[in-house]
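Structure, as structure tokens:
Shown next as structure tokens:
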């Protein structure tokens, strides 16, 4: 974990504790439950002499500021402050030690005052892609065109499960259907296999699709799984990130604007010939 200053959150671990506590509360846990979960998850840090105070200070400060400070966290934090153990790692940095002492003094005063009223902490949005590597799916954009993607990888972290995709060369009102039948079981796989890769923003050939805010989540009805176990053109490596909220604009630029440009170019050539 990195530390870059004497402030409570000038430390990677402290920032993680703050964010993780809020995530747990957003998921429906109370302060006692969230505290127990964090103690279990960060037990190695708690047992580390340099990180122990970082953990408790960040947890106490986050709980206090959100009106959720519980007694066992308050008592443990005050115990550490009184012992002076947090200052041990600052002894070789005289200026840093003075600044840390000032931070801790102010922090203690804060903890001993009445905390704010309990604040609502919203649930953290997590992406939940149901697609798997080799799946080909269509996405209906705001122009009601069907855009085709192939999944080439899966990225999973605390933000959820994301599909890493490549974009296929199709943007039409209807999917490539064999014999004009509308059943997805009649998708013309031969035609799909001949579709080339398109780029986004002239250089992105593979990208992780996802969102960070629930209100921008696309509707399930905009998607349709049309094939499985296909072979990706690319290996999943070095991909970009595209948020769902920005995807339509990027697709319109890639397909529609370029299509118009090509038509204008061809028309210009024809007029020149005349």
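In the working numbering, the protein residues as written are 206 to 479.
Quick reminder that beta carbons are idealized off the backbone N, C-alpha and C, glycines included.
Every value quoted in this text rests on a predicted model; they were computed, and no experiment measured them.
What residue range is occupied by the uninterrupted beta strand (DSSP E) comprising residue 355? By 1-based counting over the chain shown, the position of residue 355 is 150. Run containing residue 355: 351-362, per the beta strand (DSSP E) assignment.
Specify the secondary structure class of residue 262 as computed by DSSP and reduced to three states. Residue numbering aside, residue 262 sits at position 57 when the chain shown is read from its first letter. Note: residue 262 maps to helix in three-state DSSP.
Under the three-state reduction of DSSP, which class applies to residue 481: helix, strand or coil? Beyond the ends of the chain as shown, which are 206 and 479, falls residue 481; an answer cannot be given.
Look at the alpha carbon of residue 299 and the alpha carbon of residue 293, and state the distance between them as a whole number of angstroms. Position 94 of the chain shown holds residue 299. Position 88 of the chain shown holds residue 293. Their Cα atoms are separated by approximately 11 Å.
In the DSSP output, what is residue 403 paired with across the bridge? Taking the first residue of the chain shown as position 1, residue 403 is located at position 198. According to DSSP, residue 403 bridges with 372.
Meets three-Cβ-pair contact criterion under 8 Å: the segment 403-420 and the segment 364-371: Taking 8 Å as the limit for Cβ pairs, the verdict is that the segment 364-371 does touch the segment 403-420.
DSSP state of residue 225 mapped onto helix, strand, coil: By one-based count along the chain shown, residue 225 stands at place 20. The answer is helix: DSSP assigns residue 225 an H, G or I state.
Would residue 352 pass as a contact of residue 338 if the rule is Cβ separation under 8 Å? Walking along the chain shown from the start, residue 352 turns up at place 147. Walking along the chain shown from the start, residue 338 turns up at place 133. Their beta carbons are not under 8 Å apart, which means residue 352 does not touch residue 338 by this criterion.
Measuring alpha carbon to alpha carbon, tell me which residue in 336, 397 and 441 is nearest residue 409. As a working mapping, residue 409 is identified with position 204 in the chain shown. Check the Cα spacing between residue 409 and each of 336, 397 and 441: the tightest is with 441.
Opposing strand residues paired with residue 446 [DSSP bridges]: Looking up residue 446 in the chain shown gives position 241. Beta-bridge pairing by DSSP links residue 446 to 413.
Nearest CA to the CA of residue 377: which residue from 325, 394, 343 and 321? Taking the chain shown and counting its residues from 1, the one referred to as residue 377 is at position 172. Residue 343 is the option with its Cα nearest to residue 377.
Look up residue 331 in the DSSP assignment and say whether it is helix, strand or coil. On the chain shown, position 126 is the one that residue 331 refers to. Of the three classes helix, strand and coil, the one that applies to residue 331 here is coil, per DSSP.
For residue 425, count the other beta carbons within 10 Å of its own beta carbon; 16 or more makes it buried, fewer makes it exposed. Which is it? Indexing the chain shown from 1 puts residue 425 at position 220. Taking all protein chains in view, the Cβ of residue 425 is surrounded by fewer than 16 other Cβ atoms within 10 Å, so the residue is classified as exposed.
Quick check on DSSP: helix, strand or coil for residue 365? Mapped onto the chain shown, residue 365 falls at position 160. Residue 365 falls in the strand class under three-state DSSP.
Spatial distance of residue 264 from residue 239 (CA atoms): As a first step, residue 264 is located in the chain shown; it is residue number 59 there, counting from the start. As a first step, residue 239 is located in the chain shown; it is residue number 34 there, counting from the start. So the two alpha carbons sit approximately 10 Å from each other.
Boundaries of the beta strand (DSSP E) in which residue 342 is found, first to last residue: Indexing the chain shown from 1 puts residue 342 at position 137. Residue 342 -> beta strand (DSSP E) spans 341-345.
Look at the Cβ atom of residue 231, then the Cβ atom of residue 327, and state whether they are nearer than 8 Å. Along the chain shown, read from residue 1 onward, the residue named residue 231 stands at position 26. Along the chain shown, read from residue 1 onward, the residue named residue 327 stands at position 122. Cβ atoms of residue 231 and residue 327: closer than 8 Å.
Going straight from the alpha carbon of residue 318 to that of residue 431, what length do you get? As a working mapping, residue 318 is identified with position 113 in the chain shown. As a working mapping, residue 431 is identified with position 226 in the chain shown. Rounded to the nearest whole angstrom, the C-alpha separation of residue 318 and residue 431 is 60 Å.
Which of the three DSSP states, helix, strand or coil, is assigned to residue 377? Counting from one through the chain shown, the residue named residue 377 turns up at place 172. Three-state result, residue 377: strand.
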